[in-house]
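J.: Residue 192 in full-length UniProt numbering sits at position 192 of the sequence shown, with consecutive numbering throughout.
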Amino acid sequence: MSTSFYEFESRARPFSNQGQVYVLPGATTAIKGDYVQSRGASLELGVSSLLGMPLYGRLAVQGRASFEDGTGLFVNVLNGDALGNGKTLASVISATTLEATDRTFVTTDNSELFNFKTIVNADGTVDLRTVVDEGSGGGSPVNSGAPSRAVSNRVAAQGFGQGLGAARVLDGLLASGDNTGDMATVVGAFGRLGSQQQVADAVVQTLPLMSASLNQVSVSGMQGVSRVVQARQNGMTGLSSGEGFLADKNVWFKPLASYADQDNRNGMAGYRADTYGFVLGADAKVGEASRLGMGFAYARSDVKGKSTADTNSADIDAYQLLAYGSHGLGAWPNAWVSWQADVGINRNDGRRSMRFGGLDRTAKSDFDSTTAHLGAAIGRGFQVGEDTSFTPSLRTDYFRIHSESYTERGAGALNLRVGSQTSEQLIAMVEGQLQHRLTDRASLTASLGVGYDMLGEGNSIASSYVGGGAAFQTPGVEPARWIGRAGLGLAFQAAENTQVTARYDLEARSGLAAQTASINVRWAF
1 MSTSFYEFES RARPFSNQGQ VYVLPGATTA IKGDYVQSRG ASLELGVSSL
51 LGMPLYGRLA VQGRASFEDG TGLFVNVLNG DALGNGKTLA SVISATTLEA
101 TDRTFVTTDN SELFNFKTIV NADGTVDLRT VVDEGSGGGS PVNSGAPSRA
151 VSNRVAAQGF GQGLGAARVL DGLLASGDNT GDMATVVGAF GRLGSQQQVA
201 DAVVQTLPLM SASLNQVSVS GMQGVSRVVQ ARQNGMTGLS SGEGFLADKN
251 VWFKPLASYA DQDNRNGMAG YRADTYGFVL GADAKVGEAS RLGMGFAYAR
301 SDVKGKSTAD TNSADIDAYQ LLAYGSHGLG AWPNAWVSWQ ADVGINRNDG
351 RRSMRFGGLD RTAKSDFDST TAHLGAAIGR GFQVGEDTSF TPSLRTDYFR
401 IHSESYTERG AGALNLRVGS QTSEQLIAMV EGQLQHRLTD RASLTASLGV
451 GYDMLGEGNS IASSYVGGGA AFQTPGVEPA RWIGRAGLGL AFQAAENTQV
501 TARYDLEARS GLAAQTASIN VRWAF
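#1: With H, G and I counted as helix, E and B as strand and the rest as coil, what does DSSP make of leucine 359?
#2: Give the single residue among Ser301, Ala150, Val169, Ile345 whose Cα lies nearest to the Cα of leucine 193.
#3: I'd like the list of long-range same chain contacts for aspartate 397, defined as Cβ closer than 6 Å, with 5 residues on each side in sequence excluded.
#4: Buried or exposed: which applies to phenylalanine 116, given that a residue is buried once 16 or more other Cβ atoms fall within 10 Å of its Cβ?
#5: Looking at valine 337 and isoleucine 378, is the spacing between their C-beta atoms short of 9 Å?
#6: Within its chain, find whatever has a CB closer than 6 Å to the CB of glutamine 483; leave out the 5 residues flanking it on each side and keep chain order.
#7: Suppose you measure from the CA of alanine 60 to the CA of glycine 33; what does that come to, to the nearest Å?
#8: Does glutamate 404 pass the burial test, meaning 16 or more other C-beta atoms within 10 Å, or should it be called exposed?
#9: Could you check the C-alpha separation between aspartate 360 and valine 186 for me, to the nearest Å?
#10: Please name the residue in Val36, Ser369, Phe525, Ser111 whose C-alpha comes closest to that of isoleucine 93.
#11: Answer yes if the region 167 to 185 comes into contact with the region 209 to 220, meaning at least three C-beta pairs across the two stretches below 8 Å, and no otherwise.
#12: Here's the rule: buried if 16 or more other CB atoms are within 10 angstroms of the residue's CB, otherwise exposed. What is glycine 138?
#13: Using CA atoms only, rank isn't needed, just tell me which of Thr445, Ala331, Ala90 is closest to alanine 502.
#14: Any idea what DSSP makes of valine 186, helix, strand or coil?
#15: Between which two residues does the alpha helix (DSSP H) holding leucine 174 run?
#16: If I follow the unbroken alpha helix (DSSP H) through arginine 522, where does it start and stop?
#17: Relative to the alpha-carbon of arginine 265, which residue among Gln20, Gly476, Gln340 has its alpha-carbon at the smallest distance?
#18: In this structure, does DSSP put serine 405 in helix, strand or coil?
#19: Can you tell me the Cα-Cα spacing of methionine 183 and glycine 467, whole angstroms?
#20: Identify every run of the beta strand (DSSP E) within the region 370 to 405, keeping only runs that are complete inside it and at least 3 residues long; order them along the chain.
#21: So alanine 90 and alanine 65 are supposed to be a Cβ contact under 8 Å. How far apart are they, rounded?
#22: With DSSP run on the structure shown, which of helix, strand or coil describes alanine 269?
#23: Any idea if lysine 249 is buried or exposed, counting beta-carbon neighbours within 10 angstroms, 16 or more meaning buried?
#24: Please work out which residues of its chain come closer than 8 Å, Cβ to Cβ, to asparagine 497, disregarding the five sequence neighbours upstream and downstream, and give them in chain order.
#25: Straight-line CA distance for aspartate 342 to glycine 191?
#26: According to DSSP, simplified to helix, strand and coil, what is aspartate 315?
#27: Based on the DSSP secondary-structure assignment, which residues constitute the bridge partners of glycine 328?
#28: With glutamine 233 and serine 326 assumed to form a contact (beta carbons below 8 Å), what rounded beta-carbon distance in angstroms separates them?
#29: The alpha helix (DSSP H) with asparagine 153 in it runs from where to where?
Shown next as structure tokens:
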């Protein structure tokens, strides 16, 4: 298919190419006369497409076309998205008399994943056939029987292990000569990529939302709410606010804001999450030594991917129902046990942008997750000064989140069918809290703890491209096992029945830092 025609007269002497001749995509450069191309020269042919059909430059010589051995033929594919393994660009060169063989041309291109094989025909024409470039300068013919590793070789060379599952599926799609519809366009877009880095970056853009790490973000948000309730439980035992501040019944409200930053870890992409929300609760004395409470929490998280996942973003609306309580151990003065249980649901909205090889698409998703948490602690307070107490404690928390399967929309063949995913953490922590009474109306608390996650493994997620190919696994970021925690709080008795507490909490693992700031207002009656 041609869209333009350029004609040159060379009757008196041959048209001599000793440098470079470029033919635009869809154009035909016609030489009326002879054409000679020297060894150091090059003929560059542009490749594009129209309505899914390849448009490419052609050289038509109405006379003798002579090409010296070793002369260059360069295929410029940066504007072509109709490439595919085994496709033929017919009659890119034609001549009344052709002096060339299959070995004459040194054929190069600017496609990282495709090469072009020169075929010299007996009728005086030259064809170019697309073959997959395995990364060694050679090619794999269509339906050769040998599995292609063109994409996965390059992903592995870039050290991007998280994308190998998807890359192996793309290997098969790239090697197939049978792609149709939008998947053929996607394969053509991969063919336009010009480097290993560009290929690896394109693969990561096709991975599931947040590179399979969204559950970890949700668990981090659950832990932030859990810390808020833990601070309230400390107040229930009189450890963070002083016995004089306790009453039979309390209602409290605590706005919170947190920021979590997960670095890339073991080749897995990290994320940043900004969370804001509130916790509302009420508790009362039950019997002589126990208190029970219930609450509701809402948190909104805005999540952005980092590094290779920086085109991903998600919004999470989390709703939790809480129950908590404490009981004094009469056999040991100032000793107590506490517990916390909550269940919830998350509404997740995700966006994955894919911009490579001329594509500009956004895959959108919305799906729900269910959450659950159960925690228990035991501690004992010791008076270490007239106005100072120290409370060591041991606690264990179990977190679970299950995300349902979903199918994306908006990105054609690159939409994903994503399977369900379950993530769990079981954290044992030793913590110490120092409480100092500043005045009759104010007290300062500081806490420090260390914990270990006994279930902290990266969870993989199964998905498949809507446009075709087998399902593949994408591993999520694996959190570090050891956890450090620190907190600082200031409580102030604003009125006879009103207490205001400001807190800052930090939780850190290797590569992950989560910070939470909150203000608690409690009314006793």
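Heads up, the beta-carbon is just placed ideally off N, CA and C, and yes, glycines get one too.
T.: Result, derived from the coordinates:
#1: coil
#2: Ala150
#3: Gly375, Ile427
#4: buried
#5: yes
#6: Per the sequence shown, residue 483 should be read as isoleucine rather than glutamine. Gly451, Arg509.
#7: 10 Å
#8: exposed
#9: 11 Å
#10: Val36
#11: no
#12: Any answer about glycine 138 is weak, because its pLDDT of 43 lies below 50 and its placement is not dependable; what the coordinates show is given next. With fewer than 16 other Cβ atoms within 10 Å, it is exposed.
#13: Thr445
#14: helix
#15: 164 to 175
#16: Premise fails: arginine 522 lies in the beta strand (DSSP E), 512 to 524, not in any alpha helix (DSSP H).
#17: Gly476
#18: coil
#19: 6 Å
#20: 388 to 403
#21: Between alanine 65 and alanine 90 the Cβ distance is about 16 Å, and since that is not below 8 Å, they are no contact.
#22: coil
#23: exposed
#24: Ala247, Trp523, Ala524, Phe525
#25: 50 Å
#26: strand
#27: Trp336
#28: 6 Å
#29: 150 to 157
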